[in-house]
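Down below is the structure, laid out as structure tokens.
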Amino acid sequence: MRVFAISDIHVDYDVNMRWVHGLSSADYRDDLLILAGDVTHRPRLLAECIGAFAHRFAQVLFVPGNHDLWVLGESPEKHSLHKFREVADIARDCGASMAPYVRERTAIVPLLGWYDYSFGEPTDELLQMWADFRACRWPGNDGPAEIAGMFARMNVDPPGGEPRRTITFSHFLPRIDLVPLYVPRKHRALDPVLGSVRIEEQLRRFAPEIHVYGHSHINRSVRIGGVRYVNNAFGYPQESAIAAKRLLCIDEI
Ligand SMILES: [Fe+2]
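The sequence shown begins at 64 in my numbering and counts up by one.
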């Protein structure tokens, strides 16, 4: 079974959805896909996209990204935790799993998360321009630290018993040094909303060989402290310079 990874498929863009539907229905029947968040905030398109992947792959593993939890345009009493549950139900009903997957001696473990400003404090400009601050609503007006803590507590602990080789995956970045040095200084204002050191703390407890992440849209594979960190975001249509726009095989189990 080959293990493929992709994230940030953003199928609100027709060209991205067409790419999904254009994937072979024969080539991946024995394979697994890690889908690391940011499919769409539209439930109908989420179901269509996950269903299309589940039709092609033997197994699809999923974590939501920030875009998936937007409640923009939905009823005022609906908050992003409601949306999280709705997204989880759609994923399950359409054939994807948000639970750890074990095959032979390999475990693949999803890690939920959110950004919590552990990568830096947001500027006033970031607070104005970052869409999540308008498009997500949280119960009790929880701030990012509470949201990140809530998702961290939903994650499983490493199992006891026989050691396994492990692959972990998250939507958000577990470490800020995954942002390449060539990224211009003006874009580094986004650092506070890219991820959280909590995710790094949680993934290290699994001692994974590979960690897949999304969110930055900057494709990368880099080894740090014994872990290979891989980003294979599909990204927005115009992002052809930073996103290869292909399925990436990261392992075979
Ligand atoms: Fe994204």
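All residues carry an ideal CB built from backbone N, CA and C; glycine is no exception. On a predicted model such as this, the values are computed, not experimentally measured, just so you know.
Residue range of the beta strand (DSSP E) that includes Glu315: Translated into positions along the sequence shown, residue 315 becomes position 252. Here the beta strand (DSSP E) through Glu315 covers 311 to 315.
Would you be able to state if there are at least three C-beta pairs under 8 Å between the region 288 to 308 and the region 250 to 258? At 8 Å Cβ cutoff, the stretches do not touch.
Cross-strand partners of Gly258 (DSSP beta bridge): Within the sequence shown, residue 258 is the residue found at index 195, counting from 1. DSSP lists Leu236 as partners of Gly258.
Within the region 145 to 224, ranges of the alpha helix (DSSP H) (whole runs, at least 4 residues): 187 to 192, 195 to 198, 207 to 217
Contact check, Leu86 vs Ala115, beta carbons under 9 Å: Counted from its first residue, the sequence shown places residue 86 at position 23. Counted from its first residue, the sequence shown places residue 115 at position 52. Closer than 9 Å, so yes.
Might you give, ordered along the chain, the residues of its own chain that have their beta carbon closer than 8 Å to the beta carbon of Ala110, omitting 5 neighbours on each side? The count along the sequence shown starts at 1 and reaches residue 110 at position 47. Once the five neighbours on either side are set aside, the close Cβ partners of Ala110 are Ile153, Asp156, Cys157.
My output table needs one value for Arg65: the three-state DSSP class, helix, strand or coil. Against the sequence shown, residue 65 aligns to sequence position 2. Strand at Arg65.
Can we count His278 as close to ligand 1, meaning its CB is less than 8 Å from some heavy atom? The count along the sequence shown starts at 1 and reaches residue 278 at position 215. His278: yes, Cβ under 8 Å from ligand 1.
In this structure, does DSSP put His118 in helix, strand or coil? One-based indexing of the sequence shown puts residue 118 at position 55. Helix.
Let me check one thing: in DSSP terms, what residues is Val285 bridge-paired to? Here residue 285 corresponds to residue number 222 of the sequence shown, with the count starting at 1. Its beta-bridge partners are Tyr292.
In this structure, how does DSSP classify His250 when only helix, strand and coil are distinguished? Against the sequence shown, residue 250 aligns to sequence position 187. If DSSP states are grouped into helix, strand and coil, His250 belongs with the helices.
Let me check understanding here. Comparing Cα to Cα, which of Gly223, Val285, Thr229 lies closest to Pro173? Against the sequence shown, residue 173 aligns to sequence position 110. Per the Cα distances, Thr229.
Tell me His104's beta-bridge partners as DSSP assigns them. Translated into positions along the sequence shown, residue 104 becomes position 41. BP columns for His104 are empty, so no partner.
Quick one: measure Cβ to Cβ for Thr186 and Ala252, integer angstroms, because I've assumed they're closer than 8 Å. To locate residue 186, count along the sequence shown from 1; it is residue 123. To locate residue 252, count along the sequence shown from 1; it is residue 189. Rounded, the Cβ-Cβ distance is 6 Å, consistent with contact.
Compute every distance between the C-beta of His145 and the non-hydrogen atoms of ligand 1, then say whether any falls below 8 Å. By 1-based counting over the sequence shown, the position of residue 145 is 82. No, the beta carbon of His145 sits no closer than 8 Å to any heavy atom of ligand 1.
Member of Asp195, Pro222, Gly224, Pro221 whose CA lies at the smallest distance from the CA of Ile210: Counted from its first residue, the sequence shown places residue 210 at position 147. If we check each option's Cα against that of Ile210, Asp195 comes out closest.
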